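Beneath this line is the structure, given in C-alpha coordinates, with notes to follow.
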Amino acid sequence: MIDPMNADAISALKGKYCNSLTVYSRFITREVVIGDTPMGGNNPIRIQSMTTTDTMDTMGTVEQSIRMINAGCEYVRITAPSVKEANNLAEIKKELRKRGYLVPLIADIHFTPNAAEAAARIVE
(Lines of atoms letter the chains of each structure in order from A and count residues from 1; the text may use other names and numbers.)
(Lines give C-alpha, C1' and ligand atoms only; values in the text may rest on other atoms or scores of the structure.)
Protein backbone atom coordinates (compact mmCIF):
# COMPACT_ATOMS: atom_id res chain seq x y z
CA MET A 1 0.00 0.00 0.00
CA ILE A 2 1.29 3.48 -0.86
CA ASP A 3 1.34 5.93 2.03
CA PRO A 4 -0.29 9.06 0.52
CA MET A 5 1.66 11.27 2.91
CA ASN A 6 5.03 9.74 1.92
CA ALA A 7 7.04 12.23 -0.15
CA ASP A 8 8.77 9.43 -2.10
CA ALA A 9 5.42 7.90 -3.03
CA ILE A 10 4.08 11.26 -4.16
CA SER A 11 7.16 12.09 -6.24
CA ALA A 12 7.07 8.60 -7.80
CA LEU A 13 3.59 9.33 -9.12
CA LYS A 14 4.31 12.84 -10.43
CA GLY A 15 3.68 13.00 -14.14
CA LYS A 16 1.94 9.63 -14.08
CA TYR A 17 -1.65 10.63 -13.45
CA CYS A 18 -2.72 8.15 -16.11
CA ASN A 19 -0.28 5.25 -15.99
CA SER A 20 -2.06 3.35 -18.76
CA LEU A 21 -5.09 3.74 -20.99
CA THR A 22 -5.88 0.05 -20.67
CA VAL A 23 -4.91 -0.90 -17.11
CA TYR A 24 -6.72 0.54 -14.11
CA SER A 25 -4.55 2.01 -11.35
CA ARG A 26 -5.45 4.15 -8.43
CA PHE A 27 -3.63 6.67 -6.27
CA ILE A 28 -4.39 5.80 -2.66
CA THR A 29 -5.62 8.90 -0.83
CA ARG A 30 -6.34 9.67 2.79
CA GLU A 31 -9.61 8.22 4.07
CA VAL A 32 -12.29 10.64 5.26
CA VAL A 33 -15.72 9.79 6.62
CA ILE A 34 -18.77 11.76 5.49
CA GLY A 35 -21.75 10.82 7.63
CA ASP A 36 -21.30 7.08 8.04
CA THR A 37 -19.83 6.59 4.55
CA PRO A 38 -16.04 6.56 4.23
CA MET A 39 -14.31 7.66 1.03
CA GLY A 40 -10.73 7.60 -0.15
CA GLY A 41 -8.09 5.22 1.12
CA ASN A 42 -8.95 1.67 0.14
CA ASN A 43 -12.71 2.30 0.01
CA PRO A 44 -14.56 1.83 -3.27
CA ILE A 45 -14.97 4.82 -5.55
CA ARG A 46 -18.15 6.56 -4.35
CA ILE A 47 -21.07 7.75 -6.44
CA GLN A 48 -22.43 11.25 -5.81
CA SER A 49 -24.70 13.62 -7.63
CA MET A 50 -26.24 17.04 -7.15
CA THR A 51 -29.88 17.99 -7.17
CA THR A 52 -31.17 20.41 -9.79
CA THR A 53 -34.28 21.48 -7.89
CA ASP A 54 -34.79 24.80 -6.12
CA THR A 55 -33.50 24.12 -2.60
CA MET A 56 -36.52 25.97 -1.21
CA ASP A 57 -38.74 23.34 -2.88
CA THR A 58 -38.39 20.92 0.02
CA MET A 59 -40.56 18.12 -1.34
CA GLY A 60 -39.18 18.42 -4.87
CA THR A 61 -35.63 18.20 -3.54
CA VAL A 62 -36.54 15.25 -1.30
CA GLU A 63 -38.16 13.38 -4.22
CA GLN A 64 -35.21 14.03 -6.53
CA SER A 65 -32.77 12.98 -3.79
CA ILE A 66 -34.68 9.72 -3.32
CA ARG A 67 -34.52 9.01 -7.06
CA MET A 68 -30.76 9.64 -6.99
CA ILE A 69 -30.29 7.41 -3.94
CA ASN A 70 -32.36 4.63 -5.51
CA ALA A 71 -30.17 4.94 -8.62
CA GLY A 72 -27.05 4.35 -6.51
CA CYS A 73 -25.90 7.72 -5.16
CA GLU A 74 -23.98 7.37 -1.93
CA TYR A 75 -23.75 11.13 -1.31
CA VAL A 76 -26.28 13.80 -2.32
CA ARG A 77 -25.14 17.38 -2.94
CA ILE A 78 -27.69 20.16 -2.58
CA THR A 79 -27.00 23.78 -3.52
CA ALA A 80 -27.20 26.36 -0.75
CA PRO A 81 -26.18 29.73 -2.22
CA SER A 82 -27.59 31.73 0.71
CA VAL A 83 -28.46 31.32 4.38
CA LYS A 84 -32.14 30.86 3.47
CA GLU A 85 -31.38 27.74 1.41
CA ALA A 86 -28.82 26.51 3.94
CA ASN A 87 -31.43 26.65 6.71
CA ASN A 88 -33.92 24.74 4.55
CA LEU A 89 -31.46 21.84 4.38
CA ALA A 90 -32.76 20.94 7.86
CA GLU A 91 -36.27 20.38 6.47
CA ILE A 92 -34.93 18.34 3.55
CA LYS A 93 -32.79 16.21 5.86
CA LYS A 94 -35.67 15.73 8.32
CA GLU A 95 -37.99 14.46 5.55
CA LEU A 96 -35.37 12.13 4.08
CA ARG A 97 -34.61 10.65 7.51
CA LYS A 98 -38.33 10.30 8.23
CA ARG A 99 -38.62 8.23 5.05
CA GLY A 100 -35.67 6.06 6.06
CA TYR A 101 -32.97 7.52 3.78
CA LEU A 102 -29.68 7.95 5.63
CA VAL A 103 -27.36 8.92 2.76
CA PRO A 104 -25.05 11.82 3.73
CA LEU A 105 -26.11 15.23 2.44
CA ILE A 106 -23.47 17.70 1.28
CA ALA A 107 -24.11 21.43 0.94
CA ASP A 108 -22.80 23.00 -2.26
CA ILE A 109 -21.96 26.53 -1.09
CA HIS A 110 -21.42 29.49 -3.42
CA PHE A 111 -18.82 31.71 -1.74
CA THR A 112 -21.09 32.65 1.19
CA PRO A 113 -19.39 32.05 4.54
CA ASN A 114 -22.53 32.57 6.62
CA ALA A 115 -24.41 30.02 4.47
CA ALA A 116 -21.50 27.60 4.94
CA GLU A 117 -21.70 28.05 8.71
CA ALA A 118 -25.46 27.44 8.75
CA ALA A 119 -25.16 24.37 6.49
CA ALA A 120 -22.30 22.91 8.55
CA ARG A 121 -24.64 22.68 11.53
CA ILE A 122 -27.17 20.67 9.49
CA VAL A 123 -25.58 18.41 6.88
CA GLU A 124 -22.72 15.96 6.99
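The sequence shown begins at 119 in the working numbering and counts up one residue at a time.
Ideal Cβ placement from N, Cα and C applies to all residues, glycine included.
These numbers were taken from a predicted model, which means no experiment stands behind them.
- Membership of residue 157 in any alpha helix (DSSP H) is not indicated; the residue belongs instead to the beta strand (DSSP E) covering 155-157.
- Inter-segment contact for the region 138-145 and the region 200-212 is absent: fewer than three beta-carbon pairs are separated by less than 8 angstroms.
- The alpha-carbon separation between residue 217 and residue 181 amounts to approximately 11 angstroms.
- The residues 137, in chain order, have a CB closer than 8 angstroms to that of residue 143 in the same chain once the five nearest residues on each side in sequence are set aside.
- Of the other Cβ atoms in all chains shown, fewer than 16 fall within 10 Å of the Cβ of residue 150; this residue is therefore exposed.
- As a beta-bridge residue in DSSP terms, residue 167 pairs with 194.
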